[in-house]
Structures are given as C-alpha cells and as structure tokens.
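Q:
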Ligand code: ADP
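Numbering (full-length UniProt numbering), first residue to last: 83 to 348.
#1: Is residue 256 helix, strand or coil when you go by DSSP?
#2: Where in the region 136-177 do unbroken runs of the beta strand (DSSP E), each at least 3 residues long, occur, reported from the N-terminal end onward?
#3: How far does the beta strand (DSSP E) with residue 279 in it reach, from first residue to last?
#4: Does any heavy atom of the ligand ADP sit closer than 7 Å to the C-beta of residue 276?
#5: Do residue 109 and residue 218 have their C-beta atoms closer together than 8 Å?
#6: If I measure Cβ to Cβ from residue 95 and keep anything under 7 Å in the same chain, skipping five residues before and after, which residues do I get?
#7: So what's residue 193 in DSSP terms, helix, strand or just coil?
#8: Sorry if obvious, but does the Cβ on residue 271 come closer than 7 Å to a heavy atom of the ligand ADP?
#9: Start and end of the beta strand (DSSP E) containing residue 107?
#10: Does the separation of the CB atoms of residue 308 and residue 256 fall below 8 Å?
#11: Determine the direct distance from the alpha carbon of residue 291 to that of residue 284, and round the result to whole angstroms.
#12: Where does residue 251 fall in DSSP's three states?
#13: Just to confirm, is the Cβ distance from residue 139 to residue 155 under 8 Å?
#14: Output the distance between the C-alpha atoms of residue 331 and residue 286, rounded to the nearest integer angstrom.
#15: Using a 10 Å radius around the Cβ and a threshold of 16 neighbouring Cβ atoms, would you call residue 129 buried or exposed?
#16: Assuming residue 266 and residue 312 form a contact by the criterion Cβ under 8 Å, report the distance between their Cβ atoms to the nearest whole angstrom.
#17: Would you check if the region 98-117 and the region 240-251 touch, i.e. whether three or more CB-CB distances between them fall below 8 Å?
#18: Hey, would you say the C-beta of residue 312 is under 7 Å away from at least one heavy atom of the ligand ADP?
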C-alpha cells in the first residue's frame, strides 16, 4: 500500500481550505447527511466560509437537501483541464455526483469510478479559500474511505449514530478504520442523532425512542468527545425534504443542538 502519511503531508489538494472534516456513519439512515447539512449551516452562521463534498456517490442526498437538484455546476477549461465551479446555495459551496448525472439515470458507480470521481472533487473543483469543507461519506467502510484518507489531509472525522444497538455496533468498526496506524485520522467526536423526541404539547417530556444515551456512552467508552445529542424533530426531516436546512430558521431546540455541535467542532 501507498505511504499514506507522506501522501497526506505532501498533498497539494485543497491548499486554501483550513479544515477538512469527514462526516461518517456505521449505518445508513442515521442522519449523516442531515447532520452534515445542518452543521454546515451552523458553521456558516458563526461566520465561517464552508463547502460540502457529497462523497456518498451511490446515494447523494446533498442536492435535494439544499433544494439544488436542478442546478448544474459550470465547467470551464483551464490550462487544458476541466475546472468545475462548485454550486453555491444558501452561501455554501458544494459539489455532488448528483449535479453531474441526470437525476433519475441508472448510473451505477463502480468502486474505481467512484474513487476517481471523488478525486476530481478535490483536484478539479475551484474551491478557493474556505474555513471548512465537510465531506458527506457513504455509510460504513469502503474504497471511498481509503481513497479519501490517501488523497486529502483530513483534519479529522465526525461519526454520526443513533442511540440504538444496531447502529452503535458499526460505529466501533468505523472508528477503528480511522484509527488504524497507517490512516491515523483523529476522531473529532460523535454526534448522537435522534436522541429523543419531545411532543409540542408535552414540552417537559423526553421520549427515548431509539434508546437513551447510546451515543454518549459510546463516546465515553471510546474516549472521544460527544459533540451533541440531536432530538427527533419533524422540522429537521421537513427541512431535508423541502431543500431548506432547518438551521436556516431559528427554532430554538434545533438550532441550539446544531450550534453546540458546531462550536464543539471549531
Ligand atoms: P443518512 O445520511 O445517515 O443516510 P439522512 O440524513 O438521509 O441519513 O436521514 C435519514 C432520514 O431521517 C431523512 O429522512 C431525514 O430527514 C431524517 N432525519 C435525520 N435526522 C433527523 C432528526 N434529528 N429528526 C427528524 N428527522 C431526521
């Protein structure tokens, strides 16, 4: 295998980006993309310049969650090479395979092609100067993850999980991958998503639908920070489906949770 450390240290990619953070999860459906989108908005609200790379090549959610599914990035020639101008939506720069293939086409990205596409997102996109790039990874561990750590100098990784047992089981695997000697990416923390539900008419009650404190306890066990416990809120789901991240509105319970997580990250 390649010497990851030297590639990471000499990586000429993303020279103008201060922090490159991978957002990962053991399983799909735990809210990794939702957390990516709203963390990005929270960081932007704090005054940072933010970009998102949607590396979930086989199930890109970023275009829909930003209401940008019909947008197409500008591709220009520079020194005989194609340069991609990222989409700018709500003040955030972003790129996704979803912008480059027709929405309902049946393109299947095989491993090497997907890795190649990801490399282009780093090398051929005109990112300019940014404080943060958040990378929305596919769930689990795959070729994409290895490509990522070999291509870019990651600041660290955030792991998203729900408190339930089946989700937590794969978190350890994901964290072990980042902690492997040759990869050695710092774990910045765990976000426990869908931590509890509070009905509007019972504001003092918390219902732990997926179990209580599973992510918190996992963070303690693995000796990594707990970045936040995000409740289940209907507007979080609606924001995703409507293409308008809920962090754009000032809904106290939601914005507090993502703001705290973003602060813990900064
Ligand atoms: P993943 O990226 O892990 O596959 P998504 O971010 O796509 O997961 O989330 C899965 C579904 O759950 C989406 O419909 C999303 O809107 C919803 N969702 C995620 N987090 C929350 C939350 N805290 N409250 C309500 N719905 C949520």
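Glycine is no exception: its CB is placed at the ideal position from the N, C-alpha and C atoms.
Since this is a predicted model, take the numbers as computed values, not measurements.
A: By the coordinates alone:
#1: If you number the chain shown from 1, residue 256 lands on position 174. Helix, per DSSP.
#2: 156-160, 163-167 and 169-171, all fully within the region 136-177.
#3: In the chain shown, the residue the question calls residue 279 occupies position 197. Its beta strand (DSSP E) spans residues 269-279.
#4: If you number the chain shown from 1, residue 276 lands on position 194. Within the cutoff, so yes.
#5: Here residue 109 corresponds to residue number 27 of the chain shown, with the count starting at 1. Here residue 218 corresponds to residue number 136 of the chain shown, with the count starting at 1. No. Outside cutoff.
#6: As a working note, residue 95 is residue 13 in the chain shown. Cβ within range, chain order: 204, 205, 233 and 234.
#7: Indexing the chain shown from 1 puts residue 193 at position 111. In this structure, DSSP gives residue 193 a helical state, which the three-state scheme calls helix.
#8: For this step, residue 271 is matched to residue 189 along the chain shown. Relative to the non-hydrogen atoms of the ligand ADP, the Cβ of residue 271 never comes closer than 7 Å to any of them.
#9: Residue numbering aside, residue 107 sits at position 25 when the chain shown is read from its first letter. Residues 99-107.
#10: One-based indexing of the chain shown puts residue 308 at position 226. One-based indexing of the chain shown puts residue 256 at position 174. Contact flag unset, no.
#11: For the purposes of this step, residue 284 is taken as the residue at position 202 of the chain shown. For the purposes of this step, residue 291 is taken as the residue at position 209 of the chain shown. Looking at the two C-alpha atoms, the distance is approximately 15 Å.
#12: As a position in the chain shown, residue 251 is number 169, starting the count at 1. Residue 251 falls in the helix class under three-state DSSP.
#13: Here residue 139 corresponds to residue number 57 of the chain shown, with the count starting at 1. Here residue 155 corresponds to residue number 73 of the chain shown, with the count starting at 1. Contact flag unset, no.
#14: As a first step, residue 331 is located in the chain shown; it is residue number 249 there, counting from the start. As a first step, residue 286 is located in the chain shown; it is residue number 204 there, counting from the start. Taking the Cα positions, residue 331 is about 22 Å away from residue 286.
#15: The residue given as residue 129 occupies position 47 in the chain shown. If you draw a 10 Å sphere on the C-beta of residue 129, you find fewer than 16 other C-beta atoms in it, and that means exposed.
#16: In the chain shown, the residue the question calls residue 266 occupies position 184. In the chain shown, the residue the question calls residue 312 occupies position 230. Between residue 312 and residue 266 the Cβ distance is about 28 Å, and since that is not below 8 Å, they are no contact.
#17: Yes, they touch.
#18: Residue 312 sits at position 230 when you count from the first residue of the chain shown. Yes, the ligand ADP has a heavy atom inside 7 Å of this Cβ.
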